[in-house]
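Structure first, then comments.
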Amino acid sequence: NSGVMSLLRPLLLDVIPTIQQTAALALGRLANYNGDLAEAVVKGDILPQLVCSLSEQNRFYKKAAAFVLRAVGKHSPQLAQAIVQCGALEMLVICLEDFDPGVKEAASWALGYIARHNSELSQAVVDAGAVPLLVLCIQEPEIALKRIAASTLSDISKHSPELAQTVVDAGAIAHLAQMILNPDAKLKRQVLSALSQIAKHSVDLAELVVEAEIFPVVLTCLKDSDEYVKKNGATLIREIAKHTPELSQFIVNAGGVAAVIDCIGSCRGTVRLPGIMMLGYVAAHSENLSMAVIVSKGIPPLCACLIEEHEDHIKAAAAWALGQVGRHTPAHARAVAVANVLPTLLAIYMDTRSSEDLQMKATLKNILQKCTYLPALEPLLHDAPPNIMKHIVGQFSKMLPHDSKARRLFVTTGGLKKVQEIKAEPGSLLQEYINTINNCYPEEVVR
Amino acid sequence: GLREEYFRRNRAVDEDRKIEYKAAVKIQSWFRGCRVRAYLRYLNKMVIFIQKWWRGYRSRRYFSKLVETAYFIMKMNFYNEMAVRIQKRWRGYYVRKYIHNYYALKKYLEAISVNNEIVRSELQDYKEMKENEEKRKYLEKKEKEEKYQARKMHYLLSTEQIAGIYNSPFRKSPDPMELLLRKSKPLSHRQQQTKSPFDYELYDWPTCKRPPTFSTAQPLPPTGRQKPQGPFRDTTEVLRQRYKPLEPTLRVAASINSPPEKAREEMKREEWRNHIHDNEFLPFSSYHKNQKYDPSIHRSGKYGQETYGIKHFREVQPKKWVADK
Numbered sequence: 221n222s223g224v225m226s227l228l229r230p231l232l233l234d235v236i237p238t239i240q241q242t243a244a245l246a247l248g249r250l251a252n253y254n255g256d257l258a259e260a261v262v263k264g265d266i267l268p269q270l271v272c273s274l275s276e277q278n279r280f281y282k283k284a285a286a287f288v289l290r291a292v293g294k295h296s297p298q299l300a301q302a303i304v305q306c307g308a309l310e311m312l313v314i315c316l317e318d319f320d321p322g323v324k325e326a327a328s329w330a331l332g333y334i335a336r337h338n339s340e341l342s343q344a345v346v347d348a349g350a351v352p353l354l355v356l357c358i359q360e361p362e363i364a365l366k367r368i369a370a371s372t373l374s375d376i377s378k379h380s381p382e383l384a385q386t387v388v389d390a391g392a393i394a395h396l397a398q399m400i401l402n403p404d405a406k407l408k409r410q411v412l413s414a415l416s417q418i419a420k421h422s423v424d425l426a427e428l429v430v431e432a433e434i435f436p437v438v439l440t441c442l443k444d445s446d447e448y449v450k451k452n453g454a455t456l457i458r459e460i461a462k463h464t465p466e467l468s469q470f471i472v473n474a475g476g477v478a479a480v481i482d483c484i485g486s487c488r489g490t491v492r493l494p495g496i497m498m499l500g501y502v503a504a505h506s507e508n509l510s511m512a513v514i515v516s517k518g519i520p521p522l523c524a525c526l527i528e529e530h531e532d533h534i535k536a537a538a539a540w541a542l543g544q545v546g547r548h549t550p551a552h553a554r555a556v557a558v559a560n561v562l563p564t565l566l567a568i569y570m571d572t573r574s575s576e577d578l579q580m581k582a583t584l585k586n587i588l589q590k591c592t593y594l595p596a597l598e599p600l601l602h603d604a605p606p607n608i609m610k611h612i613v614g615q616f617s618k619m620l621p622h623d624s625k626a627r628r629l630f631v632t633t634g635g636l637k638k639v640q641e642i643k644a645e646p647g648s649l650l651q652e653y654i655n656t657i658n659n660c661y662p663e664e665v666v667r
Numbered sequence: 390g391l392r393e394e395y396f397r398r399n400r401a402v403d404e405d406r407k408i409e410y411k412a413a414v415k416i417q418s419w420f421r422g423c424r425v426r427a428y429l430r431y432l433n434k435m436v437i438f439i440q441k442w443w444r445g446y447r448s449r450r451y452f453s454k455l456v457e458t459a460y461f462i463m464k465m466n467f468y469n470e471m472a473v474r475i476q477k478r479w480r481g482y483y484v485r486k487y488i489h490n491y492y493a494l495k496k497y498l499e500a501i502s503v504n505n506e507i508v509r510s511e512l513q514d515y516k517e518m519k520e521n522e523e524k525r526k527y528l529e530k531k532e533k534e535e536k537y538q539a540r541k542m543h544y545l546l547s548t549e550q551i552a553g554i555y556n557s558p559f560r561k562s563p564d565p566m567e568l569l570l571r572k573s574k575p576l577s578h579r580q581q582q583t584k585s586p587f588d589y590e591l592y593d594w595p596t597c598k599r600p601p602t603f604s605t606a607q608p609l610p611p612t613g614r615q616k617p618q619g620p621f622r623d624t625t626e627v628l629r630q631r632y633k634p635l636e637p638t639l640r641v642a643a644s645i646n647s648p649p650e651k652a653r654e655e656m657k658r659e660e661w662r663n664h665i666h667d668n669e670f671l672p673f674s675s676y677h678k679n680q681k682y683d684p685s686i687h688r689s690g691k692y693g694q695e696t697y698g699i700k701h702f703r704e705v706q707p708k709k710w711v712a713d714k
C-alpha cells in the first residue's frame, strides 16, 4: 500500500536477471495474499511489462511471472479478464511449450485459475491453443505437472459442453483414463474430477468417457484411503449414471452399485453426498434398476445416512434417494418400509427446524402411494399431519377390505380407534376412505 | 159412363203418379246405392287384400334383412368373444415372456448379487493389498532411516579394547544396533545423490502392475427386451401408422359453425324438403344391375334356393327336343 508497486515496477526492467526474478516473485506473493493488492498490481500497469519480455527470459523469470499471473487471476473474474486483455494468454501458452517442467507447471496453474471463473475466460484460454499442450503436459512423468494439468483441464471443461468437447477432441480422455491407476492420491483426485466434469454435460460425452474403459477400474478408487478420491470417484459415477437408463444399467452390470454402497458405508459427512445421489439417479431410471439397488443391500446405508448426518442437504439427498427407490411398485415400497425408515422420514418432514428443501424431499407421498406393508404404516397413523394422513388412510382403505388378518390386527393395535378420531370434512377424499374402512367392520366394533 | 170412369181412373192414377214416381225413384235410388255400396265394399275388400299381400311381402323382405343382420351381429359377437380369448392368451404370453419376464428378472438380480459379491471381495482384497503396501513402505522407510543413522554413527562401533555404547559387558549378547553398526559401511559425504524425482518407488508395487480385474463368473443375462420370433412388423412402424396425425382437407378443417358450412347445410335442407321421396333416380339400367334379389323365406327351398320361378319359369326337357337329333 505504501507505494510498493511503483517501487517494484522499475525493478522488473532491471539489467540483472536475479533482481527481475526476485521483483516478480515479490509481486506474486503480494498479489497472492489479498485481492486488493492484486487489483493494485493490475492498476499499476505491471502486467504488460511482465508479459512483453517473457519469451526471451530464462526459466526462473518465466516461473515467477507465471506465479504473478496466477496470483492475480485467482481472486475474481474481472482481474482474470484484465490478464486476458493484456495478452498474457499467448505468453502462458509459450511457457507451456518450454522444456522445464517447473515452468510448465506454473503456466498451467495460472491458466487453470484463469479458466476457473466463467465460461468466457475458459473459451479465451481454449482459443489461445492451450488444450493440446495441456494434454501433452499430462503425459509428462512429473507427478506435480500431471496434477496441475489435470486440474486445469477439469476447470476448463466444467463450464459448457462445447468446452468439454474441445478437451475431448484433443484426446484427453484416454490419458486421463490411464492415470486412474496411478498411486498418487492428489493426482487421482484431479483426474477423477476432470473426467466427471467432462461426463456431466451430455450423454455423448458420458458415453465417450465410459468407452475409455474406466469401468471396473474406477471402482478401486472408491476404496482408496483418501476421502476426496472416494468423493470424486463417486461424483464421476454419478455424472455418468444420471444421463440414461442404459448407462446406469451398464454401471450396475459392472458392479458399481455395490462399490458405491460400500463407499457410502465407510465415509462420513459431505463425502457421502455424490454416492447417495448416484443411488438416487440409478433407482429413478427404472424399476428393474431400483430393484437391483435394493438387492445390492442399498437401503440400510441410506437409512443410516438419514439418521446420522446433521447437514440438511445430505439428509435431503438421502430422503430423495429413498423416495426414488420406493416409488415404483409395492414390492419396492415394501422393501423401503421394512427398513423402518418411514417414521424417520415423517419426523424429518414435521420437524420445524429442517429447511424447506429437506421437508419437500422428505415427503413420503411417493412411497406411501405404493406401500402395502401394513405393519409399517401403523405407527405413522398416530403422528402424521393431514396431507400425509390422507395417503395413509387411503392405503388402509385399499388393503383392509381384502385381508381379514390385517383387519383383526388393525383393530387390536388400536388403529381403528385412531381412524375414528380423525376429523375429516364430509365429502372429502379422507372421509370416503374412513367410510370404506368403517364398512369393513361390524357396527359394534366401530362404536 | 165409361169416359168418366176412364177420366176418373186416369186422374186417380195421375194424382198418385207423383207419389208413386217419387216412391219408385226412392226405391231405385236406394237399390242403386246398395249396389254401389256393395261394389265399394267389394273394391275395399280387394284393395285390402292387395295391400295386405304387398305389405306382407315388404315386411317379409324387411324381416329377412333384419334376421340377416341379427344373425350377422350374433356371429360377429361370437367372433369377437373368441378373438378376445385369443388376444387375452397372446397378450399374457407376450407380456410375460418379452416385456416383463419375471424369471429372467429374478435371474438377473441373482446374477447382480453374485457379481456384487465378486466385486466387493476383489475390492476388499485390493484394499488389503494397498494397506499392506503402505505398511511395507513405512517399514522400509524406517529401515532405511535406521541404516542411514547407523552409517552416520559408525564411530560408535565397539573396538577390541573399549566396548561401545551398544555393547555393554553386562549384556548377554550385543544390542541389535551394535550388529547394525558392524554391518554398515562408513558414510562418505562426497557423493550425496539427490533422490531423483523420476524413480517413484510405488510404480513397482503390485497395485499398479496388476490392478484388480473383476473377472465375473459368467456374463450377466441380457436385460434388453428380446424381440419375439416371427414376422412381426417393427413396433415403431406400427405405432407410426396407428398414431399418424390427421391431415384434414381444408373443408374438414374449417369448423362446423363457419358460414360456408351453414350455407351448405341450408342448401341441403332445402333440397331435401323439395323431394317427394328419397329414392334417388338412377339414370342408367347399369346402376340397378347390382341389386341382388332378396328371396322371401317361402321361396327358399329345402336344399337351397328354389330355382323355379326365379331362374327358369317353364319346365325344359332337353331330351325331348327334336331339333338336335
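Protein chains in written order, with my numbering: chain B, 221 to 667; chain Z, 390 to 714. Even glycine gets a Cβ: it sits at the ideal position worked out from N, Cα and C. Keep in mind that this is a model prediction, so the values were computed, not measured.
CB contact below 7 Å: residue i versus chain Z
i: V515 (chain B); result: yes
i: A479 (chain B); result: yes
i: K443 (chain B); result: yes
i: G322 (chain B); result: no
i: G475 (chain B); result: yes
i: A512 (chain B); result: yes
Terminal residues of the alpha helix (DSSP H) in which residue i lies
i: T632 (chain B); result: S624 to T632
i: R540 (chain Z); result: Y491 to K541
i: N252 (chain B); result: P237 to Y253
i: Y410 (chain Z); result: L391 to Y483
i: I496 (chain B); result: L493 to H505
i: L274 (chain B); result: It is not in any alpha helix (DSSP H) - L274 (chain B) carries neither H nor E in the DSSP assignment.
i: T455 (chain B); result: E447 to A461
i: L566 (chain B); result: L562 to M570
i: Q305 (chain B); result: P297 to Q305
i: L526 (chain B); result: I519 to E528
i: E362 (chain B); result: Counting along the chain, E362 (chain B) falls outside any alpha helix (DSSP H), and DSSP gives it neither H nor E.
i: E567 (chain Z); result: P565 to K572
i: W710 (chain Z); result: Looking at the DSSP string, W710 (chain Z) is not in any alpha helix (DSSP H), and its letter there is neither H nor E.
i: S557 (chain Z); result: Where S557 (chain Z) is concerned, there is no enclosing alpha helix (DSSP H), given that its DSSP letter is neither H nor E.
With 16 other Cβ atoms within 10 Å as the buried cut-off, status of residue i
i: Y653 (chain B); result: buried
i: H602 (chain B); result: exposed
i: W479 (chain Z); result: exposed
i: I418 (chain B); result: buried
i: F621 (chain Z); result: exposed
i: H701 (chain Z); result: exposed
i: I514 (chain B); result: buried
i: T696 (chain Z); result: exposed
i: E531 (chain B); result: exposed
i: M399 (chain B); result: buried
i: Q680 (chain Z); result: exposed
i: S617 (chain B); result: buried
Anticipated Cβ contact below 8 Å, residue i with residue j, distance rounded
i: L588 (chain B); j: I612 (chain B); result: 6 Å
i: V346 (chain B); j: T386 (chain B); result: 5 Å
i: R571 (chain Z); j: L545 (chain Z); result: That belief does not hold up - the Cβ atoms of R571 (chain Z) and L545 (chain Z) are roughly 11 Å apart, past 8 Å.
i: S516 (chain B); j: V477 (chain B); result: 5 Å
i: L639 (chain Z); j: M511 (chain B); result: About 53 Å; that fails the 8 Å criterion.
i: L232 (chain B); j: Q269 (chain B); result: 6 Å
i: C357 (chain B); j: L401 (chain B); result: Contact flag wrong, Cβ pair sits at about 19 Å.
CB contact below 7 Å: residue i versus chain B
i: Y492 (chain Z); result: no
i: D588 (chain Z); result: The predicted position of D588 (chain Z) is uncertain, since its pLDDT is 46 and thus under 50; a value taken from the coordinates is nonetheless stated next. Cβ-Cβ to chain B under 7 Å: no for D588 (chain Z).
i: L545 (chain Z); result: no
i: L591 (chain Z); result: Any reading at L591 (chain Z) must be qualified, since the residue scores a pLDDT of 48, below 50, and its modelled position is unreliable; the value itself is stated next. Interface residue, yes.
Residue i CB to nearest heavy atom of the ligand HEM below 6 Å
i: G264 (chain B); result: Absence of the ligand HEM is noted for the structure shown, with no ligands found whatsoever.
**OP:** Mind checking the region 506-531 of chain Z against chain B and listing, in chain order, the residues whose C-beta falls within less than 9 Å of any C-beta there?
**Re:** E506, I507, V508, R509, E511, L512, Q513, Y515, K516, K519, E520, E522 and E523
Original post:
Between the region 427-443 of chain B and chain Z, which residues of the former have a C-beta closer than 7 Å to a C-beta of the latter?
Top reply: P436, V437, L439, T440 and K443
Subject >> Chain-ordered residues of the region 465-494 of chain Z with a beta carbon less than 9 Å from chain B >> reply: L494
Subject >> Contact list for the region 299-325 of chain B against chain Z, Cβ threshold 7 Å >> reply: none
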